[in-house]
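Take the sequence shown: its letters are residues 74 to 743, numbered as in the working numbering. No residue lacks a Cβ here, since even glycine has one placed at the ideal position from N, Cα and C. As the structure is a prediction and not an experimental result, all values here were calculated from the model.
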Amino acid sequence: MGGYLENIKSSRDLKRFTVAQLRELASEIRQRIIETLAKNGGHLASNLGVVELTLGIHYVFDIPPDKLVWDVSHQCYTHKLLTGRAHLFHTIRTTGGLSGYASRLESPADCYGGGHAGVGPSAALGIAAARDRLGSNEHVICVIGDGSLTNGIVYEALNNIAQTTRRLILILNDNQWSIAKNVGAIARYLSKIITNPHYNRLHRDFHSLLKKLPKGELALMLAQQVEESFKRALTGATLRPTTQELETDGRGGTGNSVIFEEFGLRYLGPADGHDIEVLINLLEFAKNYNQPIVLHFVTQKGRGYAEAQQAPEKFHGLSPTQIIQASHPQPPPQWADVFGQALVKFCKTNPRIVGITAAMPSGTGLKYLEKELPNQYFDVGIAEEHAVAFAAGLATMGYHPVCAIYSTFLQRAYDCIQQEVCLQDLPVTFCMDRAGLSASDGPTHHGLFDISYLRPIPNVIAMAPSNEDELVDMLYTALLTNHPTFIRYPRGPAEGVPIKSCPQQIPIGTAQVVKDFQLHTHPQIAIFGLGNMLKVAIAVSNLLSRSSIDTAVINPRFIKPLDKETHLKFGSQADLLVTIEDHVLAGGYGSAVLELLHDNGITTQVLRFGWPDKFIEHATTDEDLRAVYGLTPENIATKILEKLSQQIPEFVQNQQAKLKPLPTPTNTPG
Ligand SMILES: Cc1ncc(C[n+]2csc(CCOP(=O)(O)OP(=O)(O)O)c2C)c(N)n1
74 MGGYLENIKS SRDLKRFTVA QLRELASEIR QRIIETLAKN GGHLASNLGV
124 VELTLGIHYV FDIPPDKLVW DVSHQCYTHK LLTGRAHLFH TIRTTGGLSG
174 YASRLESPAD CYGGGHAGVG PSAALGIAAA RDRLGSNEHV ICVIGDGSLT
224 NGIVYEALNN IAQTTRRLIL ILNDNQWSIA KNVGAIARYL SKIITNPHYN
274 RLHRDFHSLL KKLPKGELAL MLAQQVEESF KRALTGATLR PTTQELETDG
324 RGGTGNSVIF EEFGLRYLGP ADGHDIEVLI NLLEFAKNYN QPIVLHFVTQ
374 KGRGYAEAQQ APEKFHGLSP TQIIQASHPQ PPPQWADVFG QALVKFCKTN
424 PRIVGITAAM PSGTGLKYLE KELPNQYFDV GIAEEHAVAF AAGLATMGYH
474 PVCAIYSTFL QRAYDCIQQE VCLQDLPVTF CMDRAGLSAS DGPTHHGLFD
524 ISYLRPIPNV IAMAPSNEDE LVDMLYTALL TNHPTFIRYP RGPAEGVPIK
574 SCPQQIPIGT AQVVKDFQLH THPQIAIFGL GNMLKVAIAV SNLLSRSSID
624 TAVINPRFIK PLDKETHLKF GSQADLLVTI EDHVLAGGYG SAVLELLHDN
674 GITTQVLRFG WPDKFIEHAT TDEDLRAVYG LTPENIATKI LEKLSQQIPE
724 FVQNQQAKLK PLPTPTNTPG
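Okay, structure coming up:
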């Protein structure tokens with residue numbers, strides 16, 4: 074078995090395969106994915122679930138020119154392996170290697186990039202509408218998971234499809250899981266379709282019929298105009314169900330077809346998404362169908378890897394650091410766990426505090442609340458906008474909701490933050506995990522924009538803790554505050570400092586001077602390190618002290634409101650003010666400091682360190698990216714000396730030697 078992959082460069086190479094060979098290829102692909110992800114991390118369970126589905130698509134279609142859009146695209150590894158990237162697969166999610174998501178920069182087979190859920194159908198519809206207008210003939214296929222089907226935007230697309238095009242194929246990859254178990258009415262509805270005995274009988278008959286049909290037979294039936302009767306034979310009961318059937322399969326007794334048909338799409342399924350013959354036959358049917366169609370395939374998340382099958386949530390996405398940490402005796406706790414456990418504590422003292430997640434109980438740490446206080450916990454599905462407006466409603470009734478949403482995904486809810494929460498000045502706390510880098514995921518997942526998008530909104534209070542103890546203090550402070558409050562903290566392990574048994578309220582808008590000027594000699598440099606960058610600020614200060622430079626180190630704690638007094642004091646006193654943040658420079662914390670100094674007539678030079686005006690690529694580790702972009706203590710110290718050399722050249726000439734050896738930054742942000 075095996076050895077096929079290296080000879081497959083595109084869909085065309087699959088056409089000569091027999092069904093038996095496709096099955097062997099599926100095993101080879103699974104093996105390759107499991108081996109590679111053991112080293113690199115990645116979305117193991119999701120990818121193992123779609124191996125046959127992807128093979129079927131590539132067998133039936135030609136990609137390119139046919140267009141395949143992956144919703145989220147975390148599950149596109151088999152697609153990568155089949156489209157000329159098998160030889161690079163070992164580099165996936167590593168520095169300079171393949172992306173873990175579809176990327177237009179990577180291959181013409183990736184017609185659309187992605188990373189955020191629910192937009193696949195809209196993008197595919199845009200591609201189909203363009204095709205129709207351009208008069209070309211390619212097929213447009215979109216694969217979307219049942220979890221992503223909980224996104225509101227999907228229904229905005231469904232609302233438009235039938236009126237926009239006659240040819241679009243939506244494939245519903247239904248494994249009954251989002252990252253966690255899929256929740257809500259849509260999940261229940263799909264599950265009823267799958268588990269309903271009535272459908273199951275059809276499902277069985279359908280499969281045996283499909284298996285009996287020779288290749289292409291479905292298309293022939295379609296051409297002979299017998300498709301209607303064929304479909305009725307298969308799904309007749311869905312067209313003429315009894316009231317009881319309607320009630321039991323979740324349609325409530327009022328409709329007369331599956332939800333997609335109400336949107337004007339044809340629906341076929343549910344079918345076994347691991348049965349290659351069934352897949353091929355149904356996909357060929359869809360290929361020849363002249364109306365937008367939904368094919369509903371049932372797949373098993375983690376298929377072929379027993380542990381992942383049993384614990385799909387644990388194996389949804391693995392990071393290499395998780396593997397490394399597992400072997401470390403006592404790693405510091407994850408930021409998300411500290412937050413999640415602290416929230417449980419606060420919720421126990423006040424039943425009006427509730428936690429909200431948009432389908433990410435594990436990643437955000439809300440799993441602790443789910444387990445201990447389920448009545449104070451909401452999982453709303455992958456629906457960030459809804460989560461925020463829902464929180465606003467709760468807040469008007471005297472609740473204090475805590476929305477735990479990654480920085481990058483909260484972008485989806487911008488309008489709701491501004492209009493529903495901030496305009497009404499409601500007490501909602503936002504805990505933004507993954508604020509900063511998400512190295513192995515890359516540009517779709519880095520949380521580098523939240524300060525810029527929150528700063529202009531009135532009533533916002535925004536904080537960044539420098540360690541886990543401060544995170545708990547900030548959460549405590551936020552819960553005692555009657556305004557919209559945002560706390561940003563990074564992915565991964567916290568700093569390893571002890572957490573006080575009683576949290577302390579932090580006065581709003583106060584910074585903490587970690588180290589004041591001590592030598593009282595010039596030059597004096599005030600270094601402000603925001604959040605997790607405080608430790609970098611301390612390291613820079615230590616490096617500069619080797620050159621007898623007097624430094625102060627400040628933990629700003631608040632991004633909004635800024636501690637005016639502290640910033641102005643150091644702004645007037647220091648020869649140079651330095652800001653370091655894990656965020657884009659444009660509109661970030663450093664920009665806020667510049668504005669404050671300027672507005673108060675202080676002309677002290679400010680050197681800002683953060684991420685440049687560019688989408689930051691993926692890499693193996695955060696450290697790799699910091700080295701490339703000059704955000705290491707050594708590079709920052711070098712830049713500071715360069716700046717000083719413009720101001721006081723003779724001083725720096727004498728001192729520079731003491732800093733050696735320092736690497737030269739290869740790509741330093743301005
Ligand atoms: C807007 C947005 N919110 C959250 C996520 C995080 N996320 C990535 S994959 C995923 C689950 C998707 O479930 P499903 O579409 O069923 O795919 P599966 O992994 O089960 O195949 C989630 C919540 C995201 N990518 N985008």
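Closer than 7 Å: residue i CB and nearest ligand 1 heavy atom
i	result
Lys-440	no
Glu-386	no
Arg-239	no
Met-433	yes
Phe-522	no
Ile-429	no
Val-371	no
Phe-643	no
Asn-448	no
Leu-457	Per the sequence presented here, residue 457 reads as Glu, with Leu not at that position. Indeed, a heavy atom of ligand 1 lies less than 7 Å from the Cβ.
Ser-664	no
Gln-497	no
Gly-191	yes
Phe-482	yes
His-640	no
Per-residue burial, residue i [other beta carbons within 10 Å of its own, 16 or more giving buried]
i	result
Asp-488	exposed
Ser-621	exposed
Val-657	buried
Gly-471	exposed
Asn-224	buried
Asp-623	buried
Val-227	buried
Asp-19	Here the chain comprises residues numbered 74 to 743, so residue 19 is not present and cannot be evaluated.
Ser-172	buried
Cys-495	buried
Asp-589	exposed
Asn-555	exposed
Phe-463	buried
Asp-672	exposed
Lys-573	exposed
His-593	exposed
Gly-76	exposed
Asp-139	buried
Opposing strand residues paired with residue i [DSSP bridges]
i	result
Phe-631	Met-536
Leu-544	Answer is none; Leu-544 lacks a bridge partner.
Thr-237	Looking at the DSSP assignment, Thr-237 forms no beta bridge with any residue, so it has no partner.
Leu-391	Gly-115
Trp-143	Val-216
Cys-495	Answer is none; Cys-495 lacks a bridge partner.
Three-state secondary structure (DSSP) of residue i
i	result
Gly-218	strand
Val-461	helix
Phe-419	helix
Asn-255	coil
Lys-88	coil
Gly-428	strand
Ala-659	coil
Ile-579	coil
Cys-184	coil
His-160	helix
Ala-456	coil
His-519	coil
Asp-623	strand
Pro-706	helix
Thr-502	strand
Gly-193	helix
Nearest-angstrom Cβ-Cβ length linking residue i and residue j, presumed shorter than 8 Å
i	j	result
Asp-452	Thr-430	5 Å
Leu-521	Trp-684	5 Å
Ser-251	Ala-432	5 Å
Ser-480	Ala-508	4 Å
Ile-267	Val-371	6 Å
Ala-175	Gly-193	With 8 Å as the limit, Ala-175 and Gly-193 do not qualify as a contact, their Cβ atoms being about 10 Å apart.
Thr-639	Phe-682	Incorrect: roughly 19 Å between the Cβ atoms, too far for contact.
Gly-220	Ile-455	6 Å
Cutoff 8 Å: residue i Cβ touching any chain C Cβ
i	result
His-519	Within the model displayed, chain C is absent; a lone protein chain is all it includes.
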